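Colleague: Chains E and C, in that order, are what the protein sequence lines are.
If you count by our numbering, then the first sequence holds residues 383 to 797, one letter each, in order.
If you count by our numbering, then the second sequence holds residues 383 to 797, one letter each, in order.
Glycine is no exception: its CB is placed at the ideal position from the N, C-alpha and C atoms.
Owing to the predicted nature of the structure, the values given are computational and were not obtained by experimental measurement.
Protein chains: 2
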Amino acid sequence: MASLKGACIIGQSGGPTSVINASAYGAIKTALESEDITAVYGALNGIKGVLNDNLIDMSKEDPEELELLKFTPSSALGSCRYKLKDPDDDDTDYKRILEIFQKYNVRYFFYNGGNDSMDTCNKISKFMLQNGYECRVMGIPKTIDNDLDGTDHCPGYASAAKYIATSMMEIYRDARVYDTGMITVVEIMGRNAGWLTAAAALAGYKGNGADLIYLPEVDFDMNSFISKVQEIYDRNGKCIVAVSEGIHDKDGKYIAEYATTAAQAKDSFGHAQMGGLAAYLAGVLQQQTGAKVRGIELSLLQRCAAHCASQTDIDESFSSGKAAVENALAGVTDKMVGFERSVDKNGNYVCNIKLFDLTVVANTEKKVPLSWLNKTQDGLNDLYIDYALPLIQGETKMVKEDGLPRFANLKKVRV
Amino acid sequence: MASLKGACIIGQSGGPTSVINASAYGAIKTALESEDITAVYGALNGIKGVLNDNLIDMSKEDPEELELLKFTPSSALGSCRYKLKDPDDDDTDYKRILEIFQKYNVRYFFYNGGNDSMDTCNKISKFMLQNGYECRVMGIPKTIDNDLDGTDHCPGYASAAKYIATSMMEIYRDARVYDTGMITVVEIMGRNAGWLTAAAALAGYKGNGADLIYLPEVDFDMNSFISKVQEIYDRNGKCIVAVSEGIHDKDGKYIAEYATTAAQAKDSFGHAQMGGLAAYLAGVLQQQTGAKVRGIELSLLQRCAAHCASQTDIDESFSSGKAAVENALAGVTDKMVGFERSVDKNGNYVCNIKLFDLTVVANTEKKVPLSWLNKTQDGLNDLYIDYALPLIQGETKMVKEDGLPRFANLKKVRV
Chain E
383 MASLKGACII GQSGGPTSVI NASAYGAIKT ALESEDITAV YGALNGIKGV LNDNLIDMSK
443 EDPEELELLK FTPSSALGSC RYKLKDPDDD DTDYKRILEI FQKYNVRYFF YNGGNDSMDT
503 CNKISKFMLQ NGYECRVMGI PKTIDNDLDG TDHCPGYASA AKYIATSMME IYRDARVYDT
563 GMITVVEIMG RNAGWLTAAA ALAGYKGNGA DLIYLPEVDF DMNSFISKVQ EIYDRNGKCI
623 VAVSEGIHDK DGKYIAEYAT TAAQAKDSFG HAQMGGLAAY LAGVLQQQTG AKVRGIELSL
683 LQRCAAHCAS QTDIDESFSS GKAAVENALA GVTDKMVGFE RSVDKNGNYV CNIKLFDLTV
743 VANTEKKVPL SWLNKTQDGL NDLYIDYALP LIQGETKMVK EDGLPRFANL KKVRV
Chain C
383 MASLKGACII GQSGGPTSVI NASAYGAIKT ALESEDITAV YGALNGIKGV LNDNLIDMSK
443 EDPEELELLK FTPSSALGSC RYKLKDPDDD DTDYKRILEI FQKYNVRYFF YNGGNDSMDT
503 CNKISKFMLQ NGYECRVMGI PKTIDNDLDG TDHCPGYASA AKYIATSMME IYRDARVYDT
563 GMITVVEIMG RNAGWLTAAA ALAGYKGNGA DLIYLPEVDF DMNSFISKVQ EIYDRNGKCI
623 VAVSEGIHDK DGKYIAEYAT TAAQAKDSFG HAQMGGLAAY LAGVLQQQTG AKVRGIELSL
683 LQRCAAHCAS QTDIDESFSS GKAAVENALA GVTDKMVGFE RSVDKNGNYV CNIKLFDLTV
743 VANTEKKVPL SWLNKTQDGL NDLYIDYALP LIQGETKMVK EDGLPRFANL KKVRV
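(1) Does P398 of chain C have its Cβ less than 8 Å from a Cβ in chain E?
(2) F491 of chain E and C462 of chain E - do their beta-carbons sit closer together than 8 Å?
(3) Hey, is the segment 437-457 of chain C in contact with the segment 763-783 of chain C, meaning 3+ C-beta pairs nearer than 8 Å?
(4) Please check the pair N427 of chain E and G460 of chain E, which I expect to be a contact at CB under 8 Å, by giving their CB distance rounded to whole angstroms.
(5) What residue range is occupied by the uninterrupted alpha helix (DSSP H) comprising K505 of chain C?
(6) My output table needs one value for Y596 of chain E: the three-state DSSP class, helix, strand or coil.
(7) Against S457 of chain E, what residues of chain C qualify as contacts under a CB-to-CB distance less than 7 Å, listed in chain order?
(8) Helix, strand or coil: how does DSSP classify T566 of chain E here?
(9) For the candidate residues C:K620, C:D631, C:A585, whose alpha-carbon lies nearest to that of L597 of chain C?
(10) Does the beta carbon of T579 of chain C sit closer than 8 Å to a beta carbon anywhere in chain E?
(11) Here's the rule I'm using: 16 or more other beta-carbon atoms within 10 Å means buried, otherwise exposed. How should G393 of chain C be labelled?
(12) Compare the C-beta of G652 of chain C against all C-beta atoms of chain E and say whether one is closer than 8 Å.
(13) G776 of chain C versus chain E: which residues are under 7 Å apart at the beta carbon?
(14) What span of residues does the alpha helix (DSSP H) with R379 of chain C cover, start to end?
(15) Assess contact between the segment 469-479 of chain E and the segment 495-512 of chain E, defined as three or more Cβ pairs (one per stretch) separated by less than 8 Å. Is contact present?
(16) Let me make sure I understand the geometry here. Which of C:E552, C:A413, C:E783 has the alpha-carbon closest to that of K387 of chain C?
(17) Quick one: what's C621 of chain E bridged to in DSSP?
(18) Could you say which of C:S405, C:A664, C:L773, C:G720 lies nearest to D531 of chain C if we only look at CA atoms?
(19) Would you say Q646 of chain C reaches chain E, if we count a Cβ-Cβ gap shorter than 8 Å as a contact?
(20) For a cutoff of 8 Å on Cβ pairs, would you count D649 of chain E as touching chain C?
(21) Give the straight-line distance between the Cα atoms of T694 of chain E and A581 of chain E, rounded to the nearest whole angstrom.
(22) For D435 of chain E, which residues of its own chain have a beta-carbon under 7 Å away from its beta-carbon, when the five flanking residues on both sides are left out?
(23) Please list the residues of the segment 533-554 of chain E that have a C-beta atom closer than 7 Å to any C-beta atom in chain C, keeping them in chain order.
(24) Are I522 of chain E and A673 of chain E close, meaning C-beta to C-beta below 8 Å?
(25) Output the boundary residues of the beta strand (DSSP E) element that contains V750 of chain C.
(26) What is the C-beta distance between I410 of chain E and L448 of chain E, in whole angstroms, given that I count them as a contact (C-beta under 8 Å)?
(27) Which bits of chain C does I622 of chain E rub up against, with CB to CB less than 8 Å?
(28) Check L680 of chain E in the structure and name its three-state DSSP category.
(29) Does S461 of chain E come within less than 8 Å of chain A when only Cβ atoms are used?
(30) If you measure beta-carbon to beta-carbon, which residues of the segment 675-686 of chain E are closer than 9 Å to chain C?
(31) Leaving out five residues on either side along the sequence, give the residues of the same chain with a beta carbon under 8 Å from the beta carbon of S441 of chain C.
(32) By the criterion of Cβ-Cβ separation under 8 Å, what are the contact partners of C690 of chain E in chain C?
(33) Which whole-angstrom value describes the C-beta separation of L594 of chain E and V623 of chain E, a residue pair presumed to lie in contact below a C-beta threshold of 8 Å?
(34) Say whether chain C places a C-beta atom closer than 8 Å to the C-beta of G823 of chain E.
(35) Roughly how many angstroms separate the alpha carbons of S609 of chain C and G572 of chain C, rounded to a whole number?
(36) With a threshold of 8 Å between beta-carbons, can N497 of chain C be considered close to chain E, or not?
Written out as structure tokens, the structure is:
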């Protein structure tokens, strides 16, 4: 493959994670060190930064500040939830992207996001190809939801899972200090896939977990739920429940929708907004059991708690960004960098880079396999523990200043 | 002072903290090493454990497991919210306590709790004195609320403050990833004193903080609040607000009370139950500003997040428990172990143990000085930062196993 000289653009999209910047840093650092890549630009707020010619010059940043990206949560370049139209219907955006690519001689495009972002990569790549503009496009995955198809797991998941499991263990201890009864409902993110809620099972593996875990992979039955909680509460005086925000009844209606009479807003991808489920279920249980019930929503803390990130996740995220650039330089295009799991001679977890077709990844959601649930479908079995445990190993080496996180502060010098 | 030989009882009371067990460990370890103390008992669920003759033998615990108490959140011995009656009205409980003390020759009583617990210590001590039973009684403070009078600060506060400041910094980053507008309301614990909410100012000191901070020390005016948020939102497109759960209007009515039409339950100390304030204020702001608004309740995570504890707090908590036993052995009684702040030759923070009369501490609440607030009373000034910053220094050396906390598991062998 002939070398391709030109600039690159790196963008971030979708909901942030604790380690999305570690991925971006892997790509930025590798691109800055490359001879073929003549300039490294960051697109502010994802693809909108390209459309609006809102680019920053990453070479103008202090290298030490850039390195802090490894420990800085949320999208340092800014994110967006902008969905590109189908180019057959309206190719305005694509023409504009091509115009910007030509203006800066952009030959490499790296997009760091979830399944919607892989879809964006895919469409841009096809359009460039159809228009005879050579540009290598690589997707760098991120999502706390862990729902990207193909890859063994997604950068961002493990840190959120580690935070959830740690917090569940701490909540477990807190819920047991009094000799009076207490039911606790913890609401965890995950619209259609229960990977994050499943992480509550890691706390259970350490003996400090939820009694019941409800994933959106299984239809939620309120009567069954109430009677199970009642039975555990009657037996132990305590009951801790972990529920996914996306649990739904057998007709597919989100339980969270019962929580508010207000109409649910929908975002630009048509997703219903969630929230208030823990408080709702706590109210139901209080009424039905008469017990003291507490509802806790982990809210966005679970996606930004970089102070509790998995070092394994940070390292793998960095590797995925680095591999995206290295592979593009070697001539690869139209791929997402993913992971394949293997074991070394000693049986220890090894994470290998594997490339996936963007078409495979885009717009599909990987669910928790039903075979990983217990028989009563209110908990996880060892298959999940074996899967998740290696991912959450290692403590972040986050830089602290005055006892608090020292996050990266980018200068963001406009091109 | 003649040495006093006999057993000791250690109990924990009130809401737990991340480091209450570090205090207990300081007391237990020192007592176990003492020659005068013939037996070290833990009272299960505080004073209820004494009343119910529900004691455990701390010498039967594995020393390595006991040491893990330094990093184990929530009350390992169990807690209670049992309020002793005034002995002049009903001395039944006190007679029972004396009976138990006599049964086990208990000559030392260490109670680890907040202001209600100091009140309990005080009453027990007086009763024993009146009945001619020699027993040295020491209070070991704990409260995330930091509202105990006399002492410079309370064990437990700094770890909660560190968690709140860290989480606020992370939320700040998360709230800024999109180029669309966003208002975020974060609800923080603290019924009558704003110390915990003030910790949001530490995030601001690091440039990642709340725009507005509302403490219960100042009457809350809804119209002023809405217009301030609107003004900041119009200017920046973002606004982050930290509110204490205990904010109230000029008539003293809690804003949280407006949040639910349901009657507010009261605990045995007559405190109104709180919650739902963030969601309520988010709703008000959404309606008034039309912006996207998110309400986040830090909930009990802020009092149990041992994974983000301040090592300074852990060390000081341990010291306070140790000092309680050492002072009692030296003949001191009827005191609470507190802290006095000084500086060393280099101007660095030093924390010295100071003893306070239980009568001074019991049933008073120390508020945030109004002189530490900014002129508009919606933020803190440097006096607070100078006060709080030394307390949150140092990262916990929490023991991890499988990438998750390894908490203490006590055998709890009954006496």
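Modeller: So, from the listed chains and residues:
(1) yes
(2) no
(3) yes
(4) 4 Å
(5) 497-512
(6) strand
(7) V559
(8) strand
(9) C:D631
(10) no
(11) buried
(12) Here the model assigns G652 of chain C a pLDDT of 43, short of 50, so the residue's position is not dependable and the matter cannot be decided.
(13) G785
(14) This structure does not reach residue 379 of chain C, given that chain C is present from 383 up to 797, and the question cannot be answered.
(15) yes
(16) C:A413
(17) E:I565
(18) C:G720
(19) Here the model assigns Q646 of chain C a pLDDT of 37, short of 50, so the residue's position is not dependable and the matter cannot be decided.
(20) Bear in mind that a pLDDT of 38 at D649 of chain E, under 50, signals an unreliable position, so the number given afterwards is only what the model happens to contain. Output row for D649 of chain E: interface = no.
(21) 16 Å
(22) I482
(23) K544, A547, T548, S549, M551, E552, I553
(24) no
(25) Segment: none, V750 of chain C is in no beta strand (DSSP E) and carries neither H nor E.
(26) 6 Å
(27) Ordered by position in chain C, no residue passes the 8 Å Cβ test against I622 of chain E, which lies about 12 Å from the chain.
(28) coil
(29) Absent here is chain A; the protein component of the structure consists of chains E and C.
(30) R676, G677, I678, E679, L680, S681, L682, L683, R685, C686
(31) L414, A421, V422
(32) H689, C690
(33) 5 Å
(34) Nothing can be reported for residue 823 of chain E: it is not among the residues displayed for chain E, which extend from 383 to 797.
(35) 25 Å
(36) no
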